[in-house]
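Structure record follows, encoded as structure tokens.
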Amino acid sequence: MLEKDLPIDRTRHVVYTAKAKACVQKLLHRYYDDNTAAGLWEKIQLQYCDYLKEEPALGGAKITISIYDPILIFAWYAVIPDKPPLEEIQQDIFDCFMSSFTILGKVFNLNRKLDNRLANRIFKKTSDIRNEEIRKSPESFRMGMYEYDRENGAVRYSFTQCPNAEFAKRHHMEDVLPVMCNCDHFAMQKLHAVLIREGTCCTRTCCDYCIVGDQNPLAKEYQLIRQENGLLVSVRKPSSDHKEKQP
């Protein structure tokens with residue numbers, strides 16, 4: 394089915410991007426023959442449209458990719474009869490949502506003060522856009538920006554509302570969400586940085602971000618672990634004193 398023929402209310406919603414479509418079709422052809430993949434693709438499109446019937450109207454947001462492309466990924470997972478391990482498709486999801494960071498990493502290095510401060514300005518601009526969106530679409534991303542931490546060279550912000558997390562909760566797909574959330578960690582690694590994040594909106598009251606260069610002493614205080622639900626979170630490393638007390 395052509396995207397222009399999808400039965401969605403275009404006064405409220407928009408269609409997924411060509412990049413998300415290519416990602417899903419690539420995954421379909423990886424696990425199924427051409428005929429089966431084609432049949433599943435149409436079912437995924439219809440599932441996408443069905444999801445949107447009860448979703449809040451967010452088609453007017455300035456940054457819709459991070460809202461509607463994830464819904465297509467959720468639809469893919471809901472429809473396919475064989476569920477692959479989500480870690481197996483992590484790179485595909487990263488390439489879909491954040492491949493630009495691979496290119497940016499060839500230019501930006503957040504260990505450099507100038508690049509670090511520039512990153513802060515970029516995220517501040519994103520925060521301004523999100524704040525403008527939330528006034529028009531109360532169920533969009535709710536983002537808060539903190540003052541730049543000059544002492545530690547850290548960029549800090551948080552989300553207290555995430556449409557992706559709310560969607561996952563409504564449709565009982567919290568186990569799928571981490572494959573998208575985890576992309577944030579890999580994106581920062583491309584910029585020679587570390588994302589220190591102790592939780593997301595799916596399991597906590599907010600999704601907290603602290604971004605520092607990977608050579609920053611603060612980065613050395615944390616380690617990345619994978620929780621049972623697949624979500625990557627930052628935990629503080631045990632102190633040397635604590636280690637000495639271990640049996």
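So in my numbering the end of the sequence shown lands on 640, straight run, no missing numbers.
In this text, a Cβ means the ideal position worked out from N, Cα and C, and glycines have one as well.
Considering Cα atoms alone, identify which of the options is closest to residue i.
| i | options | result |
| --- | --- | --- |
| G453 | C599, I589, T404 and V548 | T404 |
| E480 | P571, P631, R535 and D402 | P571 |
| G498 | Q582, M538, K529 and D485 | Q582 |
| A413 | L588, D485 and V472 | D485 |
| F516 | R528, Y539, P463 and C489 | Y539 |
| T495 | D577, P449, G623 and V628 | D577 |
| F579 | N557, N545 and L624 | L624 |
| A431 | S520, L395, D402 and T593 | L395 |
| I482 | M573, A450, K630 and I401 | M573 |
| T593 | K419, P477 and S627 | S627 |
| K397 | L421, C442, A415 and K419 | C442 |
| P681 | L421, P400, K446 and K613 | No statement about residue 681 is possible, as the shown extent of the chain runs from 394 to 640 and does not include it. |
| R505 | A586, E559 and K518 | A586 |
| K630 | E621, K613 and N622 | K613 |
| D488 | S520, A415 and N513 | A415 |
What are the start and end residues of the alpha helix (DSSP H) that includes residue i?
| i | result |
| --- | --- |
| F501 | Here F501 belongs to no alpha helix (DSSP H), and DSSP marks it neither H nor E. |
| D508 | K506 to K529 |
| G432 | D427 to L445 |
| M566 | That residue, M566, is in no alpha helix (DSSP H); it is neither H nor E in DSSP. |
| P463 | I458 to V472 |
| R405 | No alpha helix (DSSP H) holds R405; DSSP gives it neither H nor E. |
| A413 | A411 to Y424 |
| A580 | C576 to K583 |
Tell me where the beta strand (DSSP E) around residue i begins and ends.
| i | result |
| --- | --- |
| F552 | V548 to Q554 |
| L625 | L625 to R629 |
| V587 | A586 to I589 |
| Y602 | C600 to G606 |
| I618 | Y615 to R619 |
| M536 | R535 to M538 |
Is any beta-carbon of chain B found at less than 9 Å from that of residue i?
| i | result |
| --- | --- |
| T593 | Structure shown: chain B not included; a single protein chain is present. |
Identify, in the order they occur along the chain, each residue of the same chain with its Cβ nearer than 8 Å to the Cβ of residue i, setting aside the five sequence neighbours on each side.
| i | result |
| --- | --- |
| V569 | I466, F467, Y470, L479 and A561 |
| T410 | I458, Y461 and D462 |
Since residue i and residue j should fall inside the 8 Å C-beta cutoff, what is the C-beta to C-beta distance between them, to a whole number of angstroms?
| i | j | result |
| --- | --- | --- |
| L503 | L584 | 5 Å |
| Y461 | V417 | Not confirmed; about 13 Å, so no contact. |
| A526 | K455 | In the sequence under discussion, the amino acid at residue 526 is Glu, which differs from the Ala named in the question. Between K455 and E526 the Cβ distance is about 6 Å, and since that is below 8 Å, they are a contact. |
| V366 | G546 | There is no way to answer for residue 366, as the model of the chain reaches only from 394 to 640. |
| I401 | L445 | 5 Å |
Which same chain residues end up closer than 7 Å to residue i when comparing Cβ atoms and leaving out the 5 residues on each side of it in sequence?
| i | result |
| --- | --- |
| D542 | R549 |
| Y425 | L433 |
| Y602 | R549, Y550, S551, L588 and R590 |
| D475 | Y424 |
| N557 | P463, L570 and M573 |
| K419 | D485 |
Got a sec? Which residues, its chain only, sit under 6 Å from residue i by beta carbon, not counting five neighbours each side?
| i | result |
| --- | --- |
| K436 | V472 |
| K638 | Legend: pLDDT at K638 = 37, less than 50; position of this residue unreliable, no value from coordinates given. |
| F490 | C576 |
| I522 | K455 |
| T598 | none |
Three or more C-beta pairs closer than 8 Å, one from the stretch 609–621 and one from the stretch 555–570: is that the case here? With the cut-off at 8 Å, the stretch 609–621 and the stretch 555–570 do not touch.
How about the stretch 517–534 and the stretch 551–558: do they share at least three Cβ pairs that are nearer than 8 Å? Because the criterion of three Cβ pairs below 8 Å is met, the stretch 517–534 and the stretch 551–558 touch.
Three or more beta-carbon pairs under 8 Å between the stretch 595–614 and the stretch 500–511, yes or no? Because the criterion of three Cβ pairs below 8 Å is met, the stretch 595–614 and the stretch 500–511 touch.
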